[in-house]
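Residue numbers (the numbering used here), protein chains in the order written: chain A, 1 to 256; chain R, 1 to 256. Data first, discussion second: the structure below is written as structure tokens.
Following this line, the structure appears as structure tokens:
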């Protein structure tokens, strides 16, 4: 069944309305007919199977047949803070990390970030990133669209680090803390099978030129742990995908 | 120090010769001078620090100061068999997976592979993939360039599966084997600290349209284990990066 994210105001108790690009896709690409079934999600975890009852110009109405329990979301929220990379690498980070299972993206500007946006360009970029996150979430059969923040400055990023249950900053240093060692035993108080509140983990990834020593010092003071992803030097956009995969793998969310 | 891969015939006992694009890069991009130091690798694990002694048109000669022990290579060889994806996605797979630490790439053609190359195009592609692997290995500070094979057919792929110490095929099925469960305890006979032969693990990733049931049956008969990477549906090129990261993470090679 084809999946669509439906804005909350179109996701009613017994019907959903598919509009805009999604209505076009359903009508002209999928060539849906009255009676066909689709899966709808409100992007925040509410999900239902619905049957097409009405097709009009630019709008499809479907009646909800069954509410379903979203089952494809990780039990852990990973927030990816990525220093704005050059070119369209942020697009790749958002697409791939949405597929893998990220919960939130926080682009930010640090000392050696080369990319700068003016207000207009920033707005356009954030809009574009939202669209990429939505499409990747649909493709990956997720029931939540990850949140994409507008770029933070460094101080604001450090401030929100305290909201996470665990916060890491990727930094290569001699004899630094290895990521796996940092992850093992992190949430041991969450007894197997026991219901615990959803945890969130923040991972902060530097720009192409890396972090300054001052930034690492400030991050440590803000409670972030500097960790290494091993001996090979990863490009900034690769580090995001790899760091996220390691966290979800460790907590049994990548097939475990 | 800048790193270069030097063909074996130019990597002598006491000197190295940097030629072609690398000589141009060293001379014109890095603006090297006599006395500058570089790290050279023969791409198969031999590595040395060398000092520039001579700069000529299109060639730089450097004398070896110190042989160094390559330290950035995983202790486990991961072979990535990727059904030829559409567009330039294979480029991304080779670039990212080289950074992460793959040892060998085996592109292959399966039932639902859409992409087909004629002999001339295949030759050009393989040449391009080699170049991407070399550059990514340099960037990641690896001392080995992963091997990139010319595309295999399905039978040949199944045949070489028996050469691997463990072989997996990514396939989503109800109640299938989870990847983490499959990896845990895989090489328990390799006692900690004990010297054992280098292990190799093959992971096979299908095309956009997935594998046919017949192919999965044949793969299982050839000794490949079907495994799942979890509940979210990954694009074919994302699956390669994620699968590789999980293997290297499990065996302590992603910062552990």
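Heads up, the beta-carbon is just placed ideally off N, CA and C, and yes, glycines get one too. Here the structure is a predicted model, which is why all the values come from computation and not from measurement.
| Check | Outcome |
| --- | --- |
| Per-residue DSSP class, three states only, for residue 179 of chain R | helix |
| At least three beta-carbon pairs within less than 8 Å, the stretch 199 to 208 of chain R to the stretch 165 to 182 of chain R | yes |
| Close Cβ partners of residue 206 of chain R (< 6 Å) along its chain, the five nearest in sequence each way excluded | 83 |
| Per-residue burial, residue 31 of chain R [other beta carbons within 10 Å of its own, 16 or more giving buried] | exposed |
| Residue 228 of chain A, buried or exposed, once every other Cβ within 10 Å from all chains shown has been counted against 16 | buried |
| Residue environment, residue 150 of chain R, which counts as buried when at least 16 other CB atoms sit within 10 Å | exposed |
| Spatial neighbours of residue 135 of chain R in its chain, beta-carbon cut-off 6 Å, leaving aside the 5 residues before and after | none |
| Contact set between the stretch 219 to 252 of chain R and chain A, restricted to residues whose Cβ is under 8 Å from the partner | 227, 228, 229, 230, 231, 232, 233, 234, 235, 238, 241, 242, 245, 246, 248, 249, 250, 252 |
| Close Cβ partners of residue 45 of chain R (< 8 Å) along its chain, the five nearest in sequence each way excluded | 70, 73, 143, 144 |
| For residue 60 of chain R and residue 12 of chain R, believed in contact at Cβ under 8 Å, the rounded distance | So it is not a contact: roughly 14 Å between Cβ atoms. |
| Contact test: residue 105 of chain R Cβ vs the ligand MG heavy atom, cutoff 6 Å | Of ligands this structure carries none, so the ligand MG is not represented either. |
| Residue environment, residue 7 of chain A, which counts as buried when at least 16 other CB atoms sit within 10 Å | exposed |
| Spatial neighbours of residue 243 of chain R in its chain, beta-carbon cut-off 6 Å, leaving aside the 5 residues before and after | 203 |
| DSSP three-state assignment for residue 170 of chain R, whether helix, strand or coil | strand |
| Local conformation of residue 15 of chain A per DSSP, three classes | strand |
| Cross-strand partners of residue 107 of chain R (DSSP beta bridge) | R:82 |
| Beta carbon proximity, residue 179 of chain R to chain A, threshold 7 Å | yes |
| Secondary structure of residue 88 of chain R, DSSP reduced to three states | coil |
| Burial state of residue 34 of chain A (16 or more Cβ within 10 Å) | exposed |
| Contact set between residue 142 of chain A and chain R, taken where Cβ atoms lie within less than 8 Å | 232 |
| Nearest candidate by alpha-carbon position, reference residue 148 of chain A, set A:165, A:156, A:129, A:138 | A:129 |
| First and last residue of the uninterrupted beta strand (DSSP E) at residue 67 of chain A | 59 to 68 |
| Through-space distance from residue 79 of chain R to residue 248 of chain R, alpha-carbon basis | 12 Å |
| Identity of the residues DSSP links to residue 242 of chain A by a beta bridge | For residue 242 of chain A, which the question treats as bridged, DSSP gives no partner whatsoever. |
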